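Single-structure report; data block below.
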Ligand SMILES: Nc1ncnc2c1ncn2[C@@H]1O[C@H](COP(=O)(O)OP(=O)(O)OP(=O)(O)O)[C@@H](O)[C@H]1O
Ligand SMILES: [Mg+2]
């Protein structure tokens, strides 16, 4: 089956955005601009060499968008995700998150924004091996100063949302790969963040489990979350509603996917 991708242009006037597609149709979106990058660069100095990992990246991402970030190895995807996730600062340019200029913030301000606004999902799950699913999910709430009873209640709620209410006391090595990733997704959701950032979330999973995880992202997106997902796989990217490709640290293309792949079956069933 062929899918048509349409190039889009955003012209932003506050909360109202005029979007022109490649056939010059005017679409009007009334979504809030969540992320705005202006001429963002990131340079790494290694010995006498300067690696220009990002070169003047400018783009906007609106609330409840579902974006796939693609590009060859070394094109700058993780560098961009680290900056979007406030794990790193740009060399130059601006990054506005919810209208706040994050690029000028110092470490403790970044840590606060990161905890409040961002949920991370990694390829390697990054769970604490000796902690239960419940404790792994509740961990970000400790940093937010939430009391024990509320932590447990909120962690149970998101574990239920990802279909793992019957695995709350299992440690990561007592879970399948897909279940581990669902725990990681629950942990990303527990603080009710503005954005979910996922760097190759299906990279360590077989194709059936990858589809389950994409079904879960679909549910999360439907519930109103904004998702930015890095992937190397074209079929995974086609679940997203917009595909941004990087090449040598620059945006090579930015297209909407008018016909995203959807997963019919609700997959977040209690596991057997
Ligand atoms: N900490 C660092 N110090 C120096 N150079 C770095 C550092 N991190 C990344 N780079 C370089 O920056 C460029 C972009 O790297 P990045 O990790 O963002 O690529 P990527 O698109 O995520 O690749 P992959 O698909 O392999 O994960 C690469 O050339 C890389 O070697
Ligand atoms: Mg990477």
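Residue numbers (my numbering): 668 to 939.
Where is the CB? At the ideal position from N, CA and C, for every residue including glycine.
A quick note: this is a predicted structure, and the numbers were derived from the prediction, not measured.
- According to the DSSP assignment, residue 866 belongs to the beta strand (DSSP E) that extends over 862-866.
- Membership of residue 882 in the alpha helix (DSSP H) is indicated by the continuous run 874-889.
- Secondary structure at residue 760: strand, using DSSP grouped into helix, strand and coil.
- The residue from 699, 931, 751, 899 with its alpha-carbon nearest to that of residue 739 is 899.
- Per the C-alpha coordinates, the member of 764, 850, 779, 699 positioned closest to residue 805 is 850.
- Under the criterion of beta carbons closer than 8 Å, residue 862 and residue 785 qualify as touching, at roughly 6 Å.
- The C-alpha of residue 803 lies about 31 Å from the C-alpha of residue 766.
- When Cβ pairs closer than 8 Å are counted between the two stretches, the stretch 749-766 is seen not to touch the stretch 820-836, the count staying below three.
- Ligand 2 approaches residue 866 closely enough that one of its heavy atoms is under 7 Å from the residue's Cβ.
- Boundaries for residue 809: no beta strand (DSSP E) harbours it, while the alpha helix (DSSP H) harbouring it runs 800-810, taken from the DSSP string.
- Rounded to whole angstroms, the gap between the alpha carbons of residue 775 and residue 810 is 12 Å.
- Under the three-state reduction of DSSP, residue 730 is assigned to coil, being neither helix nor strand.
- In the structure shown, residue 745 adopts helical secondary structure according to DSSP, grouped into three states.
- Minimum Cα-Cα distance from residue 844 among the listed residues 792, 760, 905 corresponds to 792.
- According to the DSSP assignment, residue 921 belongs to the beta strand (DSSP E) that extends over 917-923.
- The distance from the Cβ of residue 780 to that of residue 794 is about 23 Å, inconsistent with a contact at the 8 Å cut-off.
- About 19 Å separates the beta carbons of residue 748 and residue 922, which is beyond the 8 Å limit, so they are not a contact pair.
- The DSSP-derived three-state label of residue 771 is helix.
- A Cβ-Cβ contact shorter than 8 Å links residue 708 with residue 722.
- Taking residue 797 as reference, the option from 836, 930, 927 with the minimal CA-CA separation is 836.
- Nearest in C-alpha terms to residue 918, of all of 727, 731, 715, 714, is 727.
- Nearest in C-alpha terms to residue 783, of all of 830, 736, 868, 856, is 856.
- In this structure, residue 744 has its CB closer than 7 Å to one or more heavy atoms of ligand 2.
- Rounded to whole angstroms, the gap between the alpha carbons of residue 751 and residue 864 is 8 Å.
- By the beta-carbon neighbour count (other beta carbons within 10 angstroms, threshold 16), residue 830 is buried.
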